[in-house]
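A short worksheet on the structure shown next.
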DNA sequence: CTCTCCCTT
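In my numbering, the protein residues as written are 231 to 895.
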């Protein structure tokens with residue numbers, strides 16, 4: 231099978247030689263726009279900078295204003311971007327990161343009181359806005375990667391706009407300048423948001439090598455088969471160069487890897503081909519191969535990746551991209567149900583994927599769909615704010631003094647039904663009163679960097695004397711992917727056996743406690759290296775548990791800090807010890823809105839909306855006969871079936887005791 | 001009989 235009749239136009243551009251640092255900076259596309267940029271930033275108008283990859287916008291533009299009177303923040307959607315950009319800019323200015331130029335991300339503050347330019351995550355700046363909604367510390371805020379339309383960036387756009395207007399109204403205050411940096415496609419959205427008369431647009435060309443697009447002539451019926459055929463075609467007909475393949479998820483990646491390593495195919499590929507896998511849940515040591523130099527004798531690397539390779543990580547030396555045009559998308563449906571399904575990507579996303587082939591030289595992108603199909607794709611991806619539950623966002627906004635979220639200036643306003651659903655949840659938790667005003671309890675919840683339901687679970691622990699245990703449970707829940715589950719090979723059984731040793735018959739929350747406590751014991755007895763071995767042997771993610779550890783420390787300190795110092799003044803060491811019933815009752819009290827009970831079929835479970843759901847196969851409660859009579863769960867999501875995850879057994883009669891308003895009688 | 005990715009003083 232050969233899907234692509236056209237082959238590469240054999241033309242090679244010479245890549246740039248390495249310049250000195252000063253030359254390097256002056257040769258960046260953005261340098262030619264220096265004067266224009268500075269004039270725009272000093273003007274009273276908001277600046278919209280559009281530039282694609284390789285222009286140097288994120289490192290250079292803020293740095294042009296270093297040594298001025300300005301105090302600046304540059305926001306990034308991802309932690310790694312914030313930290314590495316700060317390090318690079320500090321280096322380019324012969325400085326040490328954390329002095330004049332620094333970064334601030336969760337768990338890691340690398341700034342001083344006199345830091346002039348701080349790279350931050352958008353979430354971090356949002357937290358700062360909860361303390362000071364006018365963001366008085368800053369005179370310029372750069373919102374980078376705004377075209378990604380992440381939830382946090384979108385909210386921040388409204389928050390900085392609000393701060394700017396409010397500071398304009400008072401002459402005594404320093405004005406706030408806003409610079410939005412985005413890829414070209416979304417610029418109209420931002421111009422509409424701020425108003426055409428209020429903005430200056432500056433367009434900077436990127437510096438990317440050309441990428442030639444190839445489409446299939448007929449629609450590929452099976453994208454797995456099409457992917458396999460295309461990889462073989464590239465390997466046999468195209469010259470040297472690494473291949474990056476975009477697939478929807480772990481399952482497809484591992485299946486394809488098995489096919490590629492299979493006898494027939496590996497003979498076709500011949501020797502010297504290295505298959506690398508790349509998805510977020512893959513252990514770091516298994517991810518390394520994708521980033522490392524090719525080993526001796528290896529002629530071509532084929533990387534099978536999820537959309538992690540779209541924006542989150544940069545892979546060196548990619549010359550060929552194979553795009554299935556598919557990704558997994560999580561979204562809330564009109565019914566309020568969460569779904570996670572394979573969907574087509576947008577044109578903007580397809581362009582981003584193709585661009586990964588043009589970083590070192592001219593590239594080729596094999597799209598496993600017709601050009602016609604491409605034209606029919608949505609131009610832009612759906613902004614995250616339209617796809618997720620908004621309870622936490624509404625809580626944050628109320629914490630900033632936005633009483634009525636419908637009056638908030640959203641870049642794209644969410645549906646009223648979505649706002650209503652979030653408001654109902656906050657009301658049920660007691661975070662807002664009948665007038666939809668934040669209650670004292672709501673103010674407490676807003677202090678916790680957690681989903682309000684998990685915050686509620688944690689705060690309830692004081693009543694059930696299990697705060698130490700709940701701190702651990704919500705920390706592990708926030709970390710995700712604690713158990714590593716390979717999907718192919720003989721390790722499946724090994725992993726399952728290892729996981730079984732942590733399993734509690736009471737359900738997933740107690741199981742999380744078991745694995746965290748075992749890991750922590752190991753950490754105090756052994757060196758880091760042994761600790762890593764312990765994780766590998768038990769198929770648990772050291773990375774996730776490490777994250778859970780940091781989250782737990784942070785939550786613990788917020789809970790411990792007295793109320794007058796913006797904390798919650800709780801006794802964080804209170805523990806239920808061997809008394810599991812207190813812990814399970816607390817789970818019931820915290821998750822009282824997420825209850826399911828056994829139906830007559832005895833294998834399936836009926837959730838509160840009288841809808842039949844199944845226990846997710848990753849749950850320790852999966853496959854129990856008979857199914858538990860009554861459970862609470864942390865997550866409800868539809869894939870091929872509707873599943874509940876984070877399942878914990880409770881007694882139905884507890885419900886009246888723990889949530890009498892909702893379970894009268 | 002199986003979840004894409006990211007983030008929070």
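Heads up, the beta-carbon is just placed ideally off N, CA and C, and yes, glycines get one too. Since the model is a prediction, treat every value here as computed from it, not as a measurement.
>> My output table needs one value for residue 354: the three-state DSSP class, helix, strand or coil.
In response: Here residue 354 refers to the residue found at position 124 when the first chain is read from its first residue. In the structure shown, residue 354 sits in a helix (DSSP, three-state: H, G or I).
> residue 958 and residue 622: beta carbons closer than 7 Å?
Replying inline: This structure does not reach residue 958, given that the chain is present from 231 up to 895, and the question cannot be answered.
> So residue 550 is in the beta strand (DSSP E); what residue range does that whole segment cover?
Replying inline: Walking along the first chain from the start, residue 550 turns up at place 320. That run of the beta strand (DSSP E) goes 548-553.
> Between the segment 534-553 and the segment 574-594, do at least 3 Cβ pairs fall closer than 8 Å?
Replying inline: The segment 534-553 vs the segment 574-594: in contact.
> Count the other CB atoms within 10 Å of the CB of residue 563; is the residue buried (16 or more) or exposed (fewer)?
Replying inline: Here residue 563 is taken as the residue at index 333 of the first chain, counted from 1. Residue 563 should be labelled exposed.
> Rounded to whole angstroms, how far is the Cβ of residue 292 from the Cβ of residue 375, which I believe are closer than 8 Å?
Replying inline: Taking the first residue of the first chain as position 1, residue 292 is located at position 62. Taking the first residue of the first chain as position 1, residue 375 is located at position 145. Contact doesn't hold; Cβ gap of about 14 Å is too wide.
>> Is the beta carbon of residue 628 closer than 7 Å to that of residue 687?
In response: For the purposes of this step, residue 687 is taken as the residue at position 457 of the first chain. For the purposes of this step, residue 628 is taken as the residue at position 398 of the first chain. Not in contact: residue 687 and residue 628 (Cβ atoms no closer than 7 Å).
>> As an exercise, report each continuous alpha helix (DSSP H) stretch of at least 4 residues that is fully enclosed by the segment 628-702, in chain order.
In response: Counting only runs of 4 or more, we get 646-659, 670-677, 682-690.
>> So for residue 595, helix, strand or coil by DSSP?
In response: Residue mapping note: residue 595 aligns to position 365 of the first chain, counting from 1. Residue 595 falls in the strand class under three-state DSSP.
> Comparing alpha-carbon positions, which option in 612, 844, 893, 851 lies nearest residue 869?
Replying inline: Locating residue 869 in the first chain gives position 639, where the first residue counts as 1. Nearest C-alpha to residue 869 among 612, 844, 893, 851: 844.
>> What residue range does the alpha helix (DSSP H) around residue 820 cover?
In response: Looking up residue 820 in the first chain gives position 590. First-last of the alpha helix (DSSP H) with residue 820: 810-820.
>> Suppose you measure from the CA of residue 372 to the CA of residue 366; what does that come to, to the nearest Å?
In response: The residue labelled residue 372 in the question sits at position 142 within the first chain. The residue labelled residue 366 in the question sits at position 136 within the first chain. C-alpha separation (whole angstroms): 15 Å.
> If you run the structure through DSSP and keep just helix, strand and coil, what is residue 741?
Replying inline: Numbered from 1 along the first chain, position 511 holds the residue referred to as residue 741. Correct three-state label for residue 741: helix.
>> Can you list, in chain order, the residues of its chain with a C-beta nearer than 8 Å to that of residue 480? Leave out the 5 residues immediately preceding and following it.
In response: Here residue 480 refers to the residue found at position 250 of the first chain. Cβ within range, chain order: 509, 511, 512, 536, 717.
> So, helix, strand or coil for residue 846, using DSSP?
Replying inline: Here residue 846 refers to the residue found at position 616 of the first chain. In the structure shown, residue 846 sits in coil (DSSP, three-state: anything other than H, G, I, E or B).
> Taking only runs of the beta strand (DSSP E) that begin and end inside the segment 558-582, which ones reach a length of at least 3 residues, in chain order?
Replying inline: 568-574
>> Using a Cβ distance threshold of 8 Å, determine whether the segment 683-703 contacts the segment 806-824, with at least three qualifying pairs required.
In response: yes
> Under the rule that 16 or more other beta-carbon atoms within 10 Å means buried, what is residue 881, buried or exposed?
Replying inline: Locating residue 881 in the first chain gives position 651, counting from the first residue. When all chains shown are included, residue 881 counts as exposed.
> So, are the CB atoms of residue 449 and residue 600 less than 7 Å apart?
Replying inline: On the first chain, position 219 is the one that residue 449 refers to. On the first chain, position 370 is the one that residue 600 refers to. Taking the C-beta atoms as reference points, residue 600 is found nearer than 7 Å to residue 449.
> How is residue 474 classed by DSSP in three states: helix, strand or coil?
Replying inline: Counting from 1 along the first chain, the entry for residue 474 is found at position 244. Reduced to three states, the DSSP call for residue 474 is strand.
> From this set, 409, 871, 730, 699, which residue's C-alpha is nearest residue 267's C-alpha?
Replying inline: Stepping through the first chain from its first residue, residue 267 is reached at position 37. For the residues 409, 871, 730, 699, the minimum Cα distance to residue 267 belongs to 409.
>> For a test of the three-state rule: what should DSSP assign to residue 789, helix, strand or coil?
In response: For the purposes of this step, residue 789 is identified with residue 559 of the first chain, where counting begins at 1. Looking at residue 789 - three-state DSSP - the assignment turns out to be helix.
> Of the choices 264, 350, 309, whose alpha-carbon is the least far from that of residue 302?
Replying inline: Position 72 of the first chain holds residue 302. Selected option, being the one with the closest Cα: 350.
>> Looking at the secondary structure, which residues open and close the alpha helix (DSSP H) in which residue 606 lies?
In response: Residue 606 sits at position 376 when you count from the first residue of the first chain. Here the alpha helix (DSSP H) through residue 606 covers 601-606.
> Can you tell me where the beta strand (DSSP E) with residue 332 in it begins and where it stops?
Replying inline: Reading the first chain from its first residue, position 102 is the one you call residue 332. Note, residue 332: beta strand (DSSP E), 331-335.
> DSSP on residue 454, reduced to helix/strand/coil?
Replying inline: Translated into positions along the first chain, residue 454 becomes position 224. Here residue 454 sits in helix by DSSP.
> So what's residue 794 in DSSP terms, helix, strand or just coil?
Replying inline: Along the first chain, one-based indexing puts residue 794 at 564. DSSP places residue 794 in helix when its eight states are reduced to three.
> Is any heavy atom of the ligand NAD found at a distance shorter than 6 Å from the C-beta of residue 369?
Replying inline: Absence of the ligand NAD from the depicted structure is noted, as is the absence of any ligand whatsoever, leaving it without description.
> How about residue 642 and residue 613: are their beta carbons less than 7 Å apart?
Replying inline: Numbered from 1 along the first chain, position 412 holds the residue referred to as residue 642. Numbered from 1 along the first chain, position 383 holds the residue referred to as residue 613. Yes, the Cβ-Cβ distance between residue 642 and residue 613 is below 7 Å.
> For residue 802 versus residue 786, is the C-beta distance shorter than 7 Å?
Replying inline: As a position in the first chain, residue 802 is number 572, starting the count at 1. As a position in the first chain, residue 786 is number 556, starting the count at 1. Yes, the pair counts as a contact, with Cβ atoms nearer than the cut-off.
> Under a three-way DSSP split, which group does residue 395 fall into?
Replying inline: Position 165 of the first chain, counted from the start, is the residue given in the question as residue 395. DSSP places residue 395 in helix when its eight states are reduced to three.
> Taking DSSP as the reference, what is the three-state secondary structure of residue 882?
Replying inline: Within the first chain, residue 882 is the residue found at index 652, counting from 1. Coil, per DSSP.
>> Pull the bridge partners of residue 444 from the DSSP assignment, please.
In response: Numbered from its first residue, the first chain carries residue 444 at position 214. The secondary-structure analysis by DSSP pairs residue 444 across a beta bridge with 596.
>> According to DSSP, is residue 326 part of a helix, a strand, or is it coil?
In response: Mapped onto the first chain, residue 326 falls at position 96. DSSP places residue 326 in the coil class of the three-state scheme, outside both helix and strand.
>> Does residue 427 come out as helix, strand or coil in the three-state DSSP assignment?
In response: For the purposes of this step, residue 427 is taken as residue 197 along the first chain, with counting starting at 1. Here residue 427 sits in helix by DSSP.
> Out of 607, 278, 608, 826, which has the shortest C-alpha to C-alpha gap to residue 426?
Replying inline: Residue 426 sits at position 196 when you count from the first residue of the first chain. Relative to the Cα of residue 426, the nearest Cα in the group 607, 278, 608, 826 belongs to 278.
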